[in-house]
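Protein chains: 4
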Amino acid sequence: MKVAVLGATGFTGEKLVDILISHPKVEVTYLASRTPKPVLYSELFPGFSGKTKLKCEPLDIKKASSVSDMLFLSLPHTVSMEFVPYLLGKKKKIVDLSADYRLKDPKVYKKYYHKDHKDKINLKKAVYGLAELYEADIAKADLVANAGCYPTSVILGLYPLVKDNLIDGPVFVDSKSSITGAGRKAVIDYHYSNISDNIWAYKPFVHQHTPEILAVLGESTKKSLELSFTPHVVGVGAGIYSTIHFSLTKKVSYSDLKSTYKKYYKNSPFVRIKDTLPKLKEVTGSNFCDIGFAVSEDGKKAIVVSSIDNLIKGAAGSAVQNMNIMAGWDQTLGLL
Amino acid sequence: MKVAVLGATGFTGEKLVDILISHPKVEVTYLASRTPKPVLYSELFPGFSGKTKLKCEPLDIKKASSVSDMLFLSLPHTVSMEFVPYLLGKKKKIVDLSADYRLKDPKVYKKYYHKDHKDKINLKKAVYGLAELYEADIAKADLVANAGCYPTSVILGLYPLVKDNLIDGPVFVDSKSSITGAGRKAVIDYHYSNISDNIWAYKPFVHQHTPEILAVLGESTKKSLELSFTPHVVGVGAGIYSTIHFSLTKKVSYSDLKSTYKKYYKNSPFVRIKDTLPKLKEVTGSNFCDIGFAVSEDGKKAIVVSSIDNLIKGAAGSAVQNMNIMAGWDQTLGLL
Amino acid sequence: MKVAVLGATGFTGEKLVDILISHPKVEVTYLASRTPKPVLYSELFPGFSGKTKLKCEPLDIKKASSVSDMLFLSLPHTVSMEFVPYLLGKKKKIVDLSADYRLKDPKVYKKYYHKDHKDKINLKKAVYGLAELYEADIAKADLVANAGCYPTSVILGLYPLVKDNLIDGPVFVDSKSSITGAGRKAVIDYHYSNISDNIWAYKPFVHQHTPEILAVLGESTKKSLELSFTPHVVGVGAGIYSTIHFSLTKKVSYSDLKSTYKKYYKNSPFVRIKDTLPKLKEVTGSNFCDIGFAVSEDGKKAIVVSSIDNLIKGAAGSAVQNMNIMAGWDQTLGLL
Amino acid sequence: MKVAVLGATGFTGEKLVDILISHPKVEVTYLASRTPKPVLYSELFPGFSGKTKLKCEPLDIKKASSVSDMLFLSLPHTVSMEFVPYLLGKKKKIVDLSADYRLKDPKVYKKYYHKDHKDKINLKKAVYGLAELYEADIAKADLVANAGCYPTSVILGLYPLVKDNLIDGPVFVDSKSSITGAGRKAVIDYHYSNISDNIWAYKPFVHQHTPEILAVLGESTKKSLELSFTPHVVGVGAGIYSTIHFSLTKKVSYSDLKSTYKKYYKNSPFVRIKDTLPKLKEVTGSNFCDIGFAVSEDGKKAIVVSSIDNLIKGAAGSAVQNMNIMAGWDQTLGLL
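Rendered as C-alpha cells:
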C-alpha cells in the first residue's frame, strides 16, 4: 500500500515517517511540509540518513493524492478540513491526526478551536481513531480521526470505570506530559532552560481535550461523567502519565478492579494491565498503554494510572494501528 | 548562636550546612555523620571547598551538646528519639528533621514507621514545625518537629480550604517530587537511568505523610477532611509540585478563592499567592511556597497548586525558619 | 538460528534482548543472569511485557549450550573466559561482549583487568568484533571479541587518519559518555542527583580502553600512534561523543579529509560521513556511527567527531552486526 | 553604591539582578530591557516575587546615568559601545558584559562581530575583567570589559601553563557548555527536545572567543600560544567544563603541576586547585573556578580541567567580583 504523510516535519510527522519506513506492508511515496522546495528528508532530520532517501516537498494535494492510497494528515488543527473533502472524493483512505474530525458537534469544535467547521458532512462520517474502542468501525472507515494524546491516555484509563458505573461523583484526572505534545515550536516557553527540571499545570477545566474525552466516553458507554481534567507539562523527553483519582460507587477490591480492566481489554494487544503502578519509561518508545491501580484501605476510593508515549500510542503509533485495521492487517504490524 | 547539625551528609543535612554557614547570626560549631573518623566537610562535598573549613565527625552526642546551643537533627527516622531526651536535659534547643516527633499518636507512629516510640513525654511537648501555622508555639518551643516535605506543600495548600469549609467530599492530592526526597541512597531505583525522563506514582493512600497531613490539619482547623494522597517521583532535580483537586461546597469565584489565601497568609513572608499557576522552577533554590488556583466554569470545582523546593521549604530552609523564630529573630534571616 | 544471551539483565544484555527478539532470522532460546530462580524477563523489565514471554534463568552453561547455536556473552570482565573454552568445544559460535578476548597480549590484559588470562589459546584465535575493519575475519570466526564502546567510537574516527598518515604528533581524544557505559550498578556516584546536569573527566591516560584502541589501530594500520585518551561522564541518557583533536602532517582541505573517510567507509552501511558536525541525538537509538570534521583556517589542525549510541553501536547493535556477518546474512539485518 | 543593570532580562542580566539585590553594599536603582513599558521585575521573572519590588523599564540612558554610580551593561554585542562614551562622560563606572571592549584590535573585533568598532578611544582604556589576572588594573578602571564565559574557563586553566612555558606544540581545548551561554532566544535549536540528552561541537577553530583567549594570554604572559579551541553544547542546566589537552615541554610530575597552579592562584579566592578532577556540579551555583590535572605515566602529556558556572564566574558573578574590586571592597563580597 502506498502511503503519504502530509505534515512530515512536526514531532508527530517525524515519528510517523520513522514507523512507516520500517513497516513491512507499506511503501512511503510522498512526504510534504512547509518546506519551500523539495529537500531530502535526511537533510531535515539527519538521523534518517542511511535509512531513507525520501524527499519532503511543498504540499501539493493533487500530487499527494495521485501517488498514494492512504494519507496521514499530520497538519495543524483547522488545516486538515481543507484537504479531506478532496481526498475522500478521490476515494483515498485518511487518518487525520489533527483535531478536525474528532468532535462531532461543530459548536464545540468552534468553542475550542476558534474556527467554523467547514466540512460538516464528513465530520459526521468520521470514525474516532482509538482502536481499543472502535476497531470494527475503523475497519470500515475511509476517514479516521486519530485520537488526541491526552484523550488516548485518559479514555483508556476511564472506559472500564465508566462502563461499569464505578465512579461516584466527579473524576479528577491529573495528566503529566512531555512538552513534545505541544508541537515543534520556537517559543521561549519551550526553551531547554524552561522545561528541564520544571513542572507546571495549565488550562485546568478548559483544555480542548476535555470535550473530546467527554464526548467519546459518552458515546461509547452511554453513561455520563463529571470530569475535572488538569494537564501538566513535565520536563521529560516523552510520554503522558495520567493519574485518575475518584471515589468508588461501591466497595471494590484491587483484584475486582483489575479483572474489570482485563475483561474490557482482553483483545487489545497494546493495553497492558499491570500488577504494579506503571513507570513512564516502561512505555516510552512503544505503542503500549500501561494501566495500573490502587484501592484505598476502606475500599471507597481508587486511583487508576494510564501511561503512554505521547507521540506513539498518543499519535503516530495509534495512527499506524488504525491504518493496519483499515487495511485488514494485524493491528500490531510494524508496531512491536 | 552556636549550632550543630547531626546527620550532615544526607541531602537535607548538606542543604542545612549550606544555609547555616551563610547565616548572619549563627556559628556552625559541630557537624556529625556516619563517617568513621573526622574529615573535612569539603572533602566529602567538594563544592564546599573555599566556603567552610568545618570537619564532619562521628556522632558524639556529648560533644555535640557541649559545643552548641541549638541542634538540627537530620537523622533517619527512629534515630532522633534516641538523642532528644539527653539534649533537652541539657537545655538545648532542637529542630528535629526526622518524623519522630511529628505524629502525636504513638500508635500511628508505629503503624507507619514500624517501631515503638521511645520518648512519649517529649512527643507531647514537641511543636509541629510549620511556621505559617504554628509561629507562636514555635517561638516558645524547645523541641520543634520540622514538617515533612510533602506535608509542607500539601498542608499550606489545604489549610485555607479546610478552615473555610470549602471542600465538598474527598480531596484528591496529586504530588510530584524530585527523588532527592527519598534521601541519598545507593539503590538501583535511583540510578540516573531510572529517574531521568521517568514518572511514577507510589504508595497511594498509604504513604506515611498521609497521617501527618491529616493530623496537622485536624488539629489546626478543628475540621475533618477526607484525603486521598498520591505521591509521584518525577525526573526533576528538585522540588515538590502538589496539585490539589476537589469539589467546592459552594459557588466560589477565582478572586474569592484568592482572597481567602491572601487572608490566611498575609503574615507569611514565604508564601506567595500567585496570579497564575505556579511553575516548579520558580521556587527551586528558595524557601518560598508558591500557591495558585483555578476554578471551573460552573464554579463547582477547583484546583489549588502548591509548589516548594523539597529540600529547602520542605526541609532545611523551613528548619532554619523555625530556628529564627525560636531565637526571636526575623523569620526570613539567612533565607532570602 | 537459535541464540542465547548470557548476562541478560545488564544495560547491554537488555538491549541485546530487545534487538534479538525482533530480529527476522533468529529465535532467542535462552536468557541467563544472576537471578536466583527462573523468572519472566518481562517481570524484571516490565517494558518487555507484551513483547516476549521468555524467562531469565540462573546461568547453566550446559543448558545454554544445548539449546543454542550462537551465544552472546554479556558478562563481567574475567567471567567470559570461564565459559568460552567449553562453548567452543561444543562447536558453538560466540560473540563475547566483555573485554576478555579483546587484548591479544595477556600482560596488557592483566595490567588493566587485574587478573591472569586463563584462556590464552582462544585469545589468539579471537577476532576483534568491529565489522568496519574486520568483516572478512568475523565472517570466518567462531569467537568474536566485540569491540568496546569507547574503542568503537574512537577507532572508527581514527582509522582513516592513521592509515593515511595524517596525524602529526600526538592525538588528543576527548570522549563524552552516558553513565550507562559503566553498567547497571547501585552506587551513589550514579544516583540521579550526581549524574543529571553533571560532567566529569575520569581515568585520563590510564583508562582500560586505551590499550585496546592502540592495539587495534596498530594491527589494522601497521602504523604507530601517540594517543592521549580522556573519557568523560556526561548527564545524557545514551551515547558516546568523541572529539578527536590533532595536528595534520600536511595541509589538508575539508573536502580532502571527507574524501578520505568516504573511501575507507564506502562499504560500511552504519558509518555516516556527515556534511556537518554530528549531534549526539542523531545516532541515539540506532546502530549508526556519525563522523564529521573541521579543518583550521591554516589547514594545519583538524578535529574529527565520532558519535555513537554506546549501548547499540558501542555494544549490543555491533554484536548483532557481527552475528549477522558470522551467519552469512546482510550485516544490517534487524538493525535498521 | 547605586547600581543599574542595562539588559536585565537575559540569562546573565537575571543572574546579575539576583546577586546584586542580596549584595550587602549596593542598592539596585535601575533595571532596563526591551520591555515596551515599565513592569515589575517579578512579573517578568516570578521567582523574584517576594525578593524585590524593582521595576524593569525601557532603556533610557539618561535616566540610567542619573540614578546610578555603577552600571552593568548586559547588552548584546555591538550595542554596549553605543552607550559607553556617554556614561564615561558622566563619570560613571561601567562593567560591560558584552564583547565590545574585550578585543583591543578593532580589526579582530570586526572579523568576529561583523561591525566596525565605534568607540576606539575607550576601547584602549578598557581593562579586561578577569580579576585573577588584572586585579590591580581593575581597581583603577572606569570601564571593565568583563571576560567572556569560555575565556574565563580557558584562560584560568591555561595561564600558569603558558606563563611557565609548559606547553609543547599546540594546546587543544575541548570545552563543554550549557546552552544558556547562547542567551535566552526562542530558536528551535534550543528547544528542550534538541538540547536534552544531546551533545554537539560547533564553530571549531573559528569561535569568537578564540581571539579573546589568545589576546589576553599573549598580553598577560608575553608568551605565544598555538590554540585549537572547540566548544560544545551539552544538555546540562548550567556550566562550562573545559578539558585542556597538551604535550609538556619537559617531564613534569603531578605535584609539580599542582604547585605551579597554587603559586599563581594563591591570592585568588575563587580559584580552587583540586586534588581530583573536578565535577561540573561542584561549581554550578557558585563563583568558583575549579581546576584539576592529570599527567601521563611518562610525564610527557597532561590534561588540565577548568570548570565554572557559565552565568556566574563566566558572567554575572565575575562582573560583581570586578565591581567589588573597582569599589575597593573585598572581592568576595556578596559572592560566597
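Protein chains in written order, with my numbering: chain A, 114 to 449; chain B, 114 to 449; chain C, 114 to 449; chain D, 114 to 449. We put the CB at the ideal spot given by N, CA and C, even for glycine. Since this is a predicted model, take the numbers as computed values, not measurements.
Subject >> Cross-chain neighbours of residue 162 of chain B in chain D, by beta carbon under 9 Å >> reply: Residue numbering aside, residue 162 of chain B sits at position 49 when the second sequence is read from its first letter. Neighbours of residue 162 of chain B on chain D, chain order: 385, 387, 395, 401, 403.
Original post:
In its own chain, which residues sit with a C-beta less than 6 Å from the C-beta of residue 287 of chain D, not counting the 5 before and 5 after it?
Top reply: For the purposes of this step, residue 287 of chain D is taken as the residue at position 174 of the fourth sequence. Excluding sequence neighbours, residue 287 of chain D sits near 343, 356.
Subject >> Per-residue burial, residue 391 of chain D [other beta carbons within 10 Å of its own, 16 or more giving buried] >> reply: Numbered from its first residue, the fourth sequence carries residue 391 of chain D at position 278. So residue 391 of chain D counts as buried.
Original post:
Looking at C-alpha atoms only, which residue of A:195, A:447, A:178 is the closest neighbour of residue 425 of chain A?
Top reply: Residue numbering aside, residue 425 of chain A sits at position 312 when the first sequence is read from its first letter. Among A:195, A:447, A:178, the Cα nearest to that of residue 425 of chain A belongs to A:447.
Original post:
Is it buried or exposed for residue 159 of chain D, if we count other Cβ within 10 angstroms and need 16 for buried?
Top reply: By 1-based counting over the fourth sequence, the position of residue 159 of chain D is 46. Flag for residue 159 of chain D reads buried.
Original post:
Which of the three DSSP states, helix, strand or coil, is assigned to residue 273 of chain C?
Top reply: As a working note, residue 273 of chain C is residue 160 in the third sequence. Here residue 273 of chain C sits in helix by DSSP.
**OP:** Report yes or no: is there a C-beta of chain D within less than 8 Å of the C-beta of residue 310 of chain A?
**Re:** Your numbering for residue 310 of chain A matches position 197 in the first sequence. So yes, residue 310 of chain A belongs to the interface.
**OP:** State yes or no: is the C-beta of residue 399 of chain A within less than 8 Å of the C-beta of residue 352 of chain A?
**Re:** Indexing the first sequence from 1 puts residue 399 of chain A at position 286. Indexing the first sequence from 1 puts residue 352 of chain A at position 239. Cβ distance not < 8 Å, so residue 399 of chain A and residue 352 of chain A don't count as in contact.
Original post:
Going along the chain, which residues of its own chain have a beta-carbon closer than 8 Å to the beta-carbon of residue 278 of chain C, five neighbours each way excluded?
Top reply: Position 165 of the third sequence holds residue 278 of chain C. So the list reads 336, 362, once near-sequence residues are dropped.
Original post:
Are the C-beta atoms of residue 299 of chain A and some chain D residue less than 8 Å apart?
Top reply: Start at 1 with the first residue of the first sequence, and residue 299 of chain A comes out as number 186. With 8 Å as the cut-off, residue 299 of chain A counts as an interface residue toward chain D.
Original post:
Closer than 7 Å, Cβ to any Cβ of chain C: which residues of the region 145-162 of chain A, in chain order?
Top reply: 159, 160, 162
Original post:
Along chain E, which residues have their Cβ under 7 Å away from the Cβ of residue 449 of chain A?
Top reply: No chain E is part of this structure, whose protein chains are labelled A, B, C and D.
Original post:
Taking buried to mean at least 16 other C-beta atoms within 10 Å of its own C-beta, is residue 312 of chain C buried or exposed?
Top reply: By 1-based counting over the third sequence, the position of residue 312 of chain C is 199. Buried, because 16 or more other Cβ atoms sit within 10 Å of the Cβ of residue 312 of chain C.
**OP:** Mind listing the chain C neighbours of residue 134 of chain B? Cutoff is C-beta to C-beta under 9 Å, in chain order.
**Re:** Here residue 134 of chain B refers to the residue found at position 21 when the second sequence is read from its first residue. The premise fails here: residue 134 of chain B is roughly 21 Å from chain C at the closest Cβ pair, so nothing lies under 9 Å.
Original post:
Listing by chain order, which chain B residues have their CB less than 8 Å from the CB of residue 230 of chain C?
Top reply: Here the question's residue 230 of chain C lines up with position 117 in the third sequence. Simply none; closest approach about 31 Å.
**OP:** Since I believe residue 251 of chain A is in contact with residue 260 of chain A (beta carbons under 8 Å), could you give me their beta-carbon distance rounded to a whole number of angstroms?
**Re:** The sequence position of residue 260 of chain A within the first sequence is 147, counting from 1. The sequence position of residue 251 of chain A within the first sequence is 138, counting from 1. That pair is no contact at about 11 Å.
**OP:** Helix, strand or coil for residue 177 of chain C, going by three-state DSSP, please let me know.
**Re:** On the third sequence, residue 177 of chain C is found 64 positions in, with the first residue counted as 1. Here residue 177 of chain C sits in helix by DSSP.
**OP:** Below 8 Å between beta carbons is the criterion; list the residues of the region 274-293 of chain D that meet it against any residue of chain C, in chain order.
**Re:** 282, 283, 285, 287, 289
Original post:
For residue 442 of chain D and chain C, any beta-carbon pair shorter than 8 Å?
Top reply: To locate residue 442 of chain D, count along the fourth sequence from 1; it is residue 329. It does not; no Cβ of chain C falls within 8 Å.
Subject >> Identity of the residue in B:393, B:161, B:231, B:369 nearest residue 354 of chain B by Cα >> reply: Here residue 354 of chain B is taken as the residue at index 241 of the second sequence, counted from 1. If we check each option's Cα against that of residue 354 of chain B, B:393 comes out closest.
Original post:
Going along chain A, which residues have a C-beta under 8 Å from residue 317 of chain C?
Top reply: On the third sequence, residue 317 of chain C is found 204 positions in, with the first residue counted as 1. Per Cβ cutoff of 8 Å: no residues; residue 317 of chain C is ~29 Å from chain A at best.
Original post:
Going along the chain, which residues of its own chain have a beta-carbon closer than 6 Å to the beta-carbon of residue 382 of chain B, five neighbours each way excluded?
Top reply: In the second sequence, residue 382 of chain B corresponds to position 269, counting from 1. Here the set comprises 445.
**OP:** From the DSSP output, read off the bridge partner residues of residue 158 of chain A.
**Re:** For the purposes of this step, residue 158 of chain A is taken as the residue at position 45 of the first sequence. According to DSSP, which records beta bridges pairwise, residue 158 of chain A is partnered with nothing at all.
Original post:
Which residues in chain C sit within 8 Å of residue 430 of chain B, going by Cβ to Cβ distance?
Top reply: The residue given as residue 430 of chain B occupies position 317 in the second sequence. Correct list: empty, because the minimum Cβ distance to chain C is about 18 Å.
**OP:** Report the partner residues of residue 345 of chain B according to the DSSP bridge assignment.
**Re:** Along the second sequence, read from residue 1 onward, the residue named residue 345 of chain B stands at position 232. According to DSSP, which records beta bridges pairwise, residue 345 of chain B is partnered with B:289, B:314.
Subject >> Contact list for residue 356 of chain B against chain A, beta-carbon separation under 8 Å >> reply: Residue numbering aside, residue 356 of chain B sits at position 243 when the second sequence is read from its first letter. Going along chain A in sequence order, the residues near residue 356 of chain B (Cβ under 8 Å) are 287, 314, 343, 345.
**OP:** Per DSSP, which residues does residue 119 of chain B bridge with? Please list them.
**Re:** Counted from its first residue, the second sequence places residue 119 of chain B at position 6. DSSP output for residue 119 of chain B lists B:145, B:186 as bridge partner(s).
**OP:** Confirm, please, whether the CB-CB distance from residue 359 of chain B to residue 421 of chain B is below 8 Å.
**Re:** The residue given as residue 421 of chain B occupies position 308 in the second sequence. The residue given as residue 359 of chain B occupies position 246 in the second sequence. Not a contact, by the Cβ cut-off of 8 Å.
**OP:** Helix, strand or coil for residue 378 of chain B, going by three-state DSSP, please let me know.
**Re:** Taking the first residue of the second sequence as 1, we reach residue 378 of chain B at position 265. Looking at residue 378 of chain B - three-state DSSP - the assignment turns out to be coil, as it is neither helix nor strand.
Original post:
Could you give the distance in angstroms between the alpha-carbon of residue 235 of chain B and the alpha-carbon of residue 133 of chain B?
Top reply: For the purposes of this step, residue 235 of chain B is identified with residue 122 of the second sequence, where counting begins at 1. For the purposes of this step, residue 133 of chain B is identified with residue 20 of the second sequence, where counting begins at 1. Answer to the nearest angstrom: the Cα atoms are 26 Å apart.
**OP:** Using a cut-off of 8 Å between C-beta atoms, extract the partners of residue 328 of chain C located in chain D.
**Re:** Numbered from its first residue, the third sequence carries residue 328 of chain C at position 215. By Cβ distance, chain D contributes nothing, its closest Cβ being about 17 Å from residue 328 of chain C, past 8 Å.
**OP:** Give a yes or no on whether the C-beta atoms belonging to residue 198 of chain C and residue 232 of chain C are separated by under 8 Å.
**Re:** Here residue 198 of chain C refers to the residue found at position 85 of the third sequence. Here residue 232 of chain C refers to the residue found at position 119 of the third sequence. Yes. Within cutoff.
Original post:
Is the number of C-beta pairs between the region 179-186 of chain D and the region 152-170 of chain D that are closer than 8 Å three or more?
Top reply: no
Original post:
Are at least three pairs of beta-carbons, each pair with one atom in the region 138-156 of chain C and one in the region 403-421 of chain B, less than 8 Å apart?
Top reply: no
Subject >> Straight-line Cα distance separating residue 246 of chain C from residue 193 of chain A >> reply: For the purposes of this step, residue 193 of chain A is taken as residue 80 along the first sequence, with counting starting at 1. For the purposes of this step, residue 246 of chain C is taken as residue 133 along the third sequence, with counting starting at 1. Whole-angstrom Cα-Cα distance: 50 Å.
Original post:
Could you give the distance in angstroms between the alpha-carbon of residue 430 of chain B and the alpha-carbon of residue 397 of chain D?
Top reply: To locate residue 430 of chain B, count along the second sequence from 1; it is residue 317. To locate residue 397 of chain D, count along the fourth sequence from 1; it is residue 284. One C-alpha to the other measures close to 20 Å.
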